[in-house]
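A.B. asks:
In full-length UniProt numbering, the protein residues as written are 1 to 407.
#1: Once DSSP output is grouped into helix, strand and coil, what is the label at residue 208?
#2: Just reading off the alpha helix (DSSP H) that residue 356 is part of, what are its end residues?
#3: Which residue spans inside the segment 122-159 form an unbroken beta strand (DSSP E) run of at least 3?
#4: Do you know how far the Cα of residue 291 is from the Cα of residue 279?
#5: Verify whether the separation of the beta carbon atoms of residue 250 and residue 149 is less than 8 Å.
#6: Pull up the DSSP beta-bridge partners for residue 226, would you.
#7: Could you tell me how far apart the beta carbons of residue 238 and residue 91 are, in whole angstroms, since I believe they sit closer than 8 Å?
#8: Closest to residue 26 by CA distance: which of 74, 392, 107 is it?
#9: Apply the 10 Å Cβ neighbour rule to residue 340 and answer buried if 16 or more other Cβ atoms are within range, or exposed otherwise.
#10: Please check the pair residue 55 and residue 145, which I expect to be a contact at CB under 8 Å, by giving their CB distance rounded to whole angstroms.
#11: Give me, in chain order, the residues of the same chain whose beta-carbon lies closer than 6 Å to that of residue 210; leave out the 5 immediate sequence neighbours on both sides.
#12: Considering residue 175, what are the terminal residues of the beta strand (DSSP E) in which it resides?
#13: For residue 375, is the classification buried or exposed, using 16 other Cβ atoms within 10 angstroms of its Cβ as the cut-off for buried?
#14: Counting only the same chain and skipping the five closest in sequence on each side, list residues whose C-beta sits under 7 Å from that of residue 343.
#15: Using 8 Å as the Cβ pair cut-off and three pairs as the minimum, do the segment 178-191 and the segment 310-326 touch?
#16: Would you please state the rounded distance, in angstroms, between the beta carbons of residue 216 and residue 363? I believe it to be under 8 Å.
#17: What's the C-alpha gap between residue 317 and residue 108?
#18: Can you tell me which of 359, 390, 17 puts its alpha carbon nearest to the alpha carbon of residue 168?
#19: Mapping DSSP to helix, strand and coil, what is residue 366?
#20: Please return the same chain residues whose Cβ sits closer than 8 Å to the Cβ of residue 243, not counting the five positions on each side in sequence.
#21: Under 8 Å by Cβ, that's how I've got residue 10 and residue 195 pegged, so tell me the actual separation to the nearest angstrom.
#22: Can you grab the Cα-Cα spacing for the pair residue 384 / residue 14, in whole Å?
#23: Only counting the same chain, and skipping five residues up and downstream in sequence, which positions put a Cβ closer than 6 Å to that of residue 354?
#24: If I measure Cβ to Cβ from residue 85 and keep anything under 8 Å in the same chain, skipping five residues before and after, which residues do I get?
#25: Candidates 382, 396, 390: which alpha carbon is nearest residue 53's?
#26: Can you tell me which of the three DSSP states residue 185 falls into?
#27: On the DSSP bridge list, what partners appear for residue 238?
#28: Report yes or no: do three or more beta-carbon pairs, one from the segment 220-233 and one from the segment 262-279, lie closer than 8 Å?
#29: Quick check: is any heavy atom of the ligand NAP less than 7 Å from the C-beta of residue 332?
#30: How about the segment 133-147 and the segment 115-122: do they share at least three Cβ pairs that are nearer than 8 Å?
#31: Going by C-alpha distance, which of 127, 116, 272 is nearest residue 235?
#32: At 3 residues or longer, what runs of the beta strand (DSSP E) sit wholly inside the segment 56-124?
#33: Rounded to whole angstroms, how far is the Cβ of residue 70 from the Cβ of residue 117, which I believe are closer than 8 Å?
#34: Can you tell me where the beta strand (DSSP E) holding residue 5 begins and where it ends?
#35: Kindly list the residues whose CB is nearer than 8 Å to the CB of residue 346, restricted to its own chain and excluding five residues on each side of it in sequence; keep chain order.
#36: Output the distance between the C-alpha atoms of residue 188 and residue 282, rounded to the nearest integer angstrom.
Structure below.
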């Protein structure tokens, strides 16, 4: 006997969970199901990120990321406080490692002002008062509203909440295909009046089955982390470098985690298949060939300086190279205090196949039967609550007909 839902969501990461929550908030009587190929929520990007609640000063003012990050920071902070979840209001400093990066600091300040984010220019003396271990050239930026949370704890709290509201979560139930409004997932046949695709690393593949996402493909990037284990008090706040704003990566940085520990990373190493976490586990030869095709093309053309990015990032697999890169941001940390590499994450980065460029913003496409959330990369965790409101509004508008493309 087929299951029936008004709304069927693919993927139980932070985006899928918050969309389910918002659907039940807006339409308490609707039936909502989530299919998840793993046996628990948040086993991929949503549970493998740094746990930073960003403030929203990196993104151009016309982007969905800028629109939802500041609001999302406030909403997720409130959610954690209301539900007794761990929250570390540690702030963030952005430092320059050379004089060439000072213009980047100025641009971040301009973006922060346009996006309504509190971002305070500080000199070296003021930086020392906030974070004695941070090193900069001439000046830095301080953002007091950046916090850290436990992303797995947040996702599991959302799971408990939506299950209480009547949402079904079908674990070990991977999406296999569809025919019209019938979805085949795991051993189940599901009738879905509307499908919402928030499948992360596989969102583009599912979107294509519905006639969307044709201009895009996922190019996965591996983020590896390292723990600093010697003394948790050696760092007080998050310490970030000035990023290359032509790329969507923020660079290796120090994170003061929800429990006060120190975490360094992530890298942005081009991965060879979508779940290329460790060794050959979950190797997919079709994915390998497709991803290598586009990565080779990017390497040869050096589009958005992919060649230098790839060569520089791959070197960070070497422990000493990783440590030396991070030490550029600090005054004094014991090299022997760095621990082993931690559990990696994979960024589901979208590539525009026509322009051969990495997509900087969230992409949403759909019609009156399905909606597809593509490129839900950082700061998607921070944005998730207001972004879910936006997604549900789009769904309700488009169920009466028409296609949508946003981002």
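By construction, the Cβ of each residue, glycine as well, lies at the ideal position given by its N, Cα and C atoms. Predicted model only: the values in this text are computed from it and were never measured.
C.D. replies: By the coordinates alone:
#1: Mapped onto the chain shown, residue 208 falls at position 208. Helix.
#2: Residue mapping note: residue 356 aligns to position 356 of the chain shown, counting from 1. Premise fails: residue 356 is in no alpha helix (DSSP H) and is neither H nor E.
#3: 139-143, 147-149
#4: As a first step, residue 279 is located in the chain shown; it is residue number 279 there, counting from the start. As a first step, residue 291 is located in the chain shown; it is residue number 291 there, counting from the start. Cα to Cα, residue 279 sits roughly 17 Å from residue 291.
#5: For this step, residue 250 is matched to residue 250 along the chain shown. For this step, residue 149 is matched to residue 149 along the chain shown. Against a cut-off of 8 Å, the Cβ pair of residue 149 and residue 250 comes out as no contact.
#6: Translated into the one-based positions of the chain shown, residue 226 becomes position 226. Note: residue 226 sits in a beta bridge opposite 264, 341.
#7: In the chain shown, counting from the first residue as 1, residue 238 sits at position 238. In the chain shown, counting from the first residue as 1, residue 91 sits at position 91. The Cβ separation is near 7 Å, so the contact holds.
#8: Here the question's residue 26 lines up with position 26 in the chain shown. Checked all of 74, 392, 107; the closest Cα to residue 26 is 392.
#9: Taking the first residue of the chain shown as 1, we reach residue 340 at position 340. Looking at its Cβ environment, which holds fewer than 16 other Cβ atoms inside 10 Å, residue 340 is exposed.
#10: Here residue 55 refers to the residue found at position 55 of the chain shown. Here residue 145 refers to the residue found at position 145 of the chain shown. Residue 55 to residue 145, Cβ: 5 Å. Contact.
#11: Reading the chain shown from its first residue, position 210 is the one you call residue 210. Result list for residue 210: 370, in chain order.
#12: For the purposes of this step, residue 175 is identified with residue 175 of the chain shown, where counting begins at 1. 175-179 is the span of the beta strand (DSSP E), which, as asked, contains residue 175.
#13: For the purposes of this step, residue 375 is identified with residue 375 of the chain shown, where counting begins at 1. Burial call: buried.
#14: What you label residue 343 is simply residue 343 of the chain shown in a count that begins at 1. The residues are 48.
#15: no
#16: Taking the chain shown and counting its residues from 1, the one referred to as residue 216 is at position 216. Taking the chain shown and counting its residues from 1, the one referred to as residue 363 is at position 363. Yes, they are in contact, since the Cβ atoms of residue 216 and residue 363 sit about 7 Å apart, within 8 Å.
#17: Here residue 317 refers to the residue found at position 317 of the chain shown. Here residue 108 refers to the residue found at position 108 of the chain shown. Between residue 317 and residue 108, the C-alpha separation is close to 29 Å.
#18: For the purposes of this step, residue 168 is taken as the residue at position 168 of the chain shown. The option with the nearest alpha carbon to residue 168 is 17.
#19: Looking up residue 366 in the chain shown gives position 366. In this structure, residue 366 counts as strand in the three-state DSSP scheme.
#20: In the chain shown, the residue the question calls residue 243 occupies position 243. Correct list, in chain order: 58, 104, 249, 250, 251.
#21: Position 10 of the chain shown, counting from 1, holds the residue named residue 10. Position 195 of the chain shown, counting from 1, holds the residue named residue 195. Confirmed, about 7 Å.
#22: One-based indexing of the chain shown puts residue 384 at position 384. One-based indexing of the chain shown puts residue 14 at position 14. Approximately 7 Å between the Cα atoms of the pair.
#23: Mapped onto the chain shown, residue 354 falls at position 354. Closer than 6 Å at Cβ, skipping near neighbours: 215.
#24: Mapped onto the chain shown, residue 85 falls at position 85. Cβ neighbours of residue 85 beyond the five flanking positions: 79, 149, 150, 153, 154, 157.
#25: Residue numbering aside, residue 53 sits at position 53 when the chain shown is read from its first letter. Comparing Cα positions, the closest option is 382.
#26: Locating residue 185 in the chain shown gives position 185, counting from the first residue. Three-state DSSP puts residue 185 in a strand.
#27: Start at 1 with the first residue of the chain shown, and residue 238 comes out as number 238. Answer is 92.
#28: yes
#29: What this structure holds is no ligand at all, so the ligand NAP is not there to describe.
#30: yes
#31: As a working mapping, residue 235 is identified with position 235 in the chain shown. Checked all of 127, 116, 272; the closest Cα to residue 235 is 127.
#32: 92-95, 120-123
#33: Numbered from 1 along the chain shown, position 70 holds the residue referred to as residue 70. Numbered from 1 along the chain shown, position 117 holds the residue referred to as residue 117. Correct: roughly 6 Å between the Cβ atoms.
#34: Counted from its first residue, the chain shown places residue 5 at position 5. 3-10 is the span of the beta strand (DSSP E), which, as asked, contains residue 5.
#35: Position 346 of the chain shown holds residue 346. Excluding residues within five positions, the ones whose Cβ falls inside 8 Å are 44, 45, 48, 201, 220, 221, 222, 223, 271, 274, 275, 276, 277.
#36: Walking along the chain shown from the start, residue 188 turns up at place 188. Walking along the chain shown from the start, residue 282 turns up at place 282. Using only the alpha carbons, I get a separation of about 23 Å.
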